[in-house]
Amino acid sequence: MDKKTKLQFIHDLPKVELHMHLEGSLEPELMFEIAKRNNVPIPFDSPEDIRKASVFNSLQEFLDLYYLGHKVFRTRRDFYDLIYSYFKRVSTSNLRHAELFFEAQEHTNRGVPLEEIVMGLHEGCVQAEKDFGITSDLILCLLRHFSPENMMDLLKQAVVFKKYIKGIGMSSSEAGCPPSLYVDIFKFAKEQGWHVTSHAGEIGPPEYVRDSIELLGIERCDHGIGARTDPEVVKLLADKKVGVTMCPISNVLLKVTESIPYSPIRQYLDANCKICFNSDDPSYFGSTYIEENYDAVEKEMGLSVAEWVKIAQDAIDMSWVEEDERKKLQDELDAVKLKYKLKELYGIE
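Under this note's numbering, the residues of the sequence shown are numbered 1 to 349, in order.
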């Protein structure tokens with residue numbers, strides 16, 4: 001497959017995004033618009049100033065700016081505008097389904113009602129599906145810089161909105177926050193019927209990945225970079241079929257890994273781990289959404305056609321969609337295989 005055809009093939013793959021923080025898709029222009037609407041002061045004079053500030057030497061430097069952006073949100077309309085703007089941006093990338101994190105604690109802890117957050121996001125999802133044909137689900141993402149007690153309080157509030165929330169995740173810095181602190185949190189979430197995932201091994205050691213699987217019972221591992229130094233943990237990911245939602249551009253820009261080729265993408269593919277590529281917090285990384293991440297991996301690593309099919313298939317398999325929607329996604333991937341004659345040319349079923 002020549003270079004031009006391969007790039008078109010990658011574009012045509014039905015994409016499923018499983019690791020994207022909605023607050024991390026807040027583009028500078030929308031931040032200014034919402035801040036002005038709500039009379040919220042922000043320490044920038046223009047959207048361009050925010051872009052200039054979006055150069056980071058560590059995860060913590062990023063988080064400091066990232067959580068500042070959360071403060072502009074106040075109303076249902078704000079959350080609707082946030083999620084709809086994300087879908088509008090990715091509508092040309094052949095994204096077919098997204099499971100999106102939202103970080104309610106940063107909003108409820110300063111007085112924003114959970115109902116305003118959830119319903120604003122849900123209404124945006126409904127409208128985006130009508131306008132762009134992209135299906136979606138919401139993941140309530142708990143934050144480690146708040147206490148386990150605060151997490152549990154929020155989860156109990158969220159039970160009322162269970163039908164709008166597909167799963168529970170956990171993020172923020174892993175420093176000093178071993179998975180063992182959150183056993184009761186994840187037990188409660190699973191008792192409510194929620195799917196569970198967690199950021200593990202972004203900057204944490206391999207045992208954080210292992211303990212997230214064995215103690216918390218995660219179905220997916222977000223980032224999972226830390227597993228790379230322990231072959232037994234990599235094997236555990238593969239054996240348990242715990243998919244790794246990797247964020248190639250984010251990991252480089254936050255100095256988690258030196259470069260995309262230096263990341264464990266190749267290691268995890270060779271170990272037969274399930275992996276997929278995602279955008280994490282795209283507006284803070286130069287507006288690099290899911291297609292930009294796919295293209296960056298291809299540019300830096302040149303994965304084989306079979307590996308790209310595996311990436312697309314893994315994302316479908318790792319998703320929490322209902323079976324009728326899963327079949328639609330599978331049919332779209334099968335149609336791409338037929339279009340590019342992958343069975344005839346590459347022996348790919």
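Glycine is no exception: its CB is placed at the ideal position from the N, C-alpha and C atoms.
Going by C-alpha to C-alpha distance, which of the options sits closest to residue i?
| i | options | result |
| --- | --- | --- |
| Leu-237 | Cys-247, Val-256, Asn-272 and Ser-259 | Asn-272 |
| Gly-120 | Asn-278, Leu-22, Pro-261 and Val-305 | Leu-22 |
| Ile-134 | Pro-41, Val-160 and Pro-14 | Pro-14 |
| Ser-180 | Ile-203, Tyr-208, Lys-190 and His-195 | Tyr-208 |
| Gln-105 | Phe-56, Arg-144, His-97 and Gly-302 | Arg-144 |
| Trp-308 | Arg-266, Pro-28 and Asp-239 | Arg-266 |
| Asn-38 | Ile-50, Glu-29, Val-72 and Ala-306 | Val-72 |
| Val-321 | Arg-96, Tyr-80, Asp-239 and Pro-282 | Arg-96 |
| Ser-287 | Thr-5, Glu-48, Lys-3 and Leu-18 | Glu-48 |
| Ala-296 | Gln-127, Val-183 and Met-246 | Met-246 |
| Asp-239 | Glu-214, Tyr-262 and Thr-257 | Glu-214 |
| Leu-7 | Tyr-346, Gly-302 and Lys-130 | Gly-302 |
| Glu-291 | Cys-177, Phe-161, Gln-192 and Thr-92 | Thr-92 |
| His-107 | Arg-76, Lys-130 and Val-126 | Arg-76 |
| Pro-28 | Glu-17, Pro-43, Val-16 and Val-183 | Pro-43 |
Tell me whether the beta-carbon of residue i lies closer than 8 Å to the beta-carbon of residue j.
| i | j | result |
| --- | --- | --- |
| Gly-169 | Ser-198 | yes |
| Lys-114 | Gly-69 | Position check: residue 114 holds Leu in this sequence, whereas Lys was assumed. No, the pair does not count as a contact, with Cβ atoms beyond the cut-off. |
| Lys-274 | Asp-222 | no |
| Ile-316 | Leu-342 | no |
| Glu-99 | Lys-163 | no |
| Phe-62 | Leu-254 | yes |
| Gln-60 | Ser-172 | no |
| Val-90 | Tyr-289 | yes |
| Phe-102 | Met-152 | no |
| His-11 | Asn-94 | yes |
| Gly-24 | Tyr-84 | no |
| Gly-226 | Val-196 | no |
| Arg-220 | Pro-264 | no |
| Ser-304 | Asp-280 | no |
| Arg-74 | Val-118 | no |
| Pro-248 | Phe-277 | yes |
| Ser-259 | Glu-300 | yes |
| Val-234 | Tyr-268 | yes |
| Asp-64 | Ile-34 | no |
| Leu-142 | Ile-203 | no |
| Pro-148 | Tyr-182 | yes |
If you run the structure through DSSP and keep just helix, strand and coil, what is residue i?
| i | result |
| --- | --- |
| Ser-283 | helix |
| Asp-137 | strand |
| Phe-188 | helix |
| Gly-124 | helix |
| Val-196 | strand |
| Leu-303 | coil |
| Val-336 | helix |
| Asp-270 | helix |
| Leu-100 | strand |
| Val-252 | helix |
| His-19 | coil |
| Gly-204 | coil |
| Phe-161 | helix |
| Met-1 | coil |
| Leu-143 | strand |
| Val-90 | helix |
| Phe-62 | helix |
| Asp-222 | strand |
| Phe-73 | coil |
| Ile-83 | helix |
| Thr-245 | strand |
| Ser-171 | strand |
| Leu-114 | helix |
| Leu-95 | strand |
| Phe-44 | coil |
| Phe-32 | helix |
| Ile-348 | coil |
| Ile-10 | helix |
| Ile-311 | helix |
By Cβ distance below 6 Å, which residues in the same chain neighbour residue i in space, the five residues on each side in sequence not counted?
| i | result |
| --- | --- |
| Tyr-340 | Phe-9 |
| Pro-41 | none |
| Pro-205 | Gly-226 |
| Ala-200 | Tyr-208, Val-209, Ser-212 and Cys-221 |
| Ile-348 | Ala-306, Val-309 and Leu-342 |
So, under 8 Å CB-CB, residue i and residue j are touching, yes? Tell me the CB distance rounded to an integer number of Å.
| i | j | result |
| --- | --- | --- |
| Met-318 | Gly-224 | At roughly 12 Å, the Cβ-Cβ gap does not stay under 8 Å, so Met-318 and Gly-224 are not in contact. |
| Ala-158 | Leu-138 | 10 Å between Cβ atoms; not a contact. |
| Met-31 | Ile-50 | 7 Å |
| Phe-87 | Ala-128 | 4 Å |
Mind checking whether the beta-carbon of residue i lies closer than 7 Å to any heavy atom of the ligand GTP?
| i | result |
| --- | --- |
| Glu-349 | This structure lacks the ligand GTP, and indeed carries no ligand of any kind. |
Within 8 Å (strictly less), CB to CB, does residue i reach chain C?
| i | result |
| --- | --- |
| Thr-75 | Protein chain content of the structure displayed is limited to a single chain, and chain C is not contained in it. |
Take residue i and list the residues in its own chain whose beta-carbon comes closer than 7 Å to its own, dropping the five residues that flank it on each side.
| i | result |
| --- | --- |
| Gln-330 | Ile-316 |
| Lys-156 | none |
Going by beta carbon distance, what residues of the same chain come within less than 8 Å of residue i, once the five residues before and after it are set aside?
| i | result |
| --- | --- |
| Ser-58 | Leu-254 and Lys-255 |
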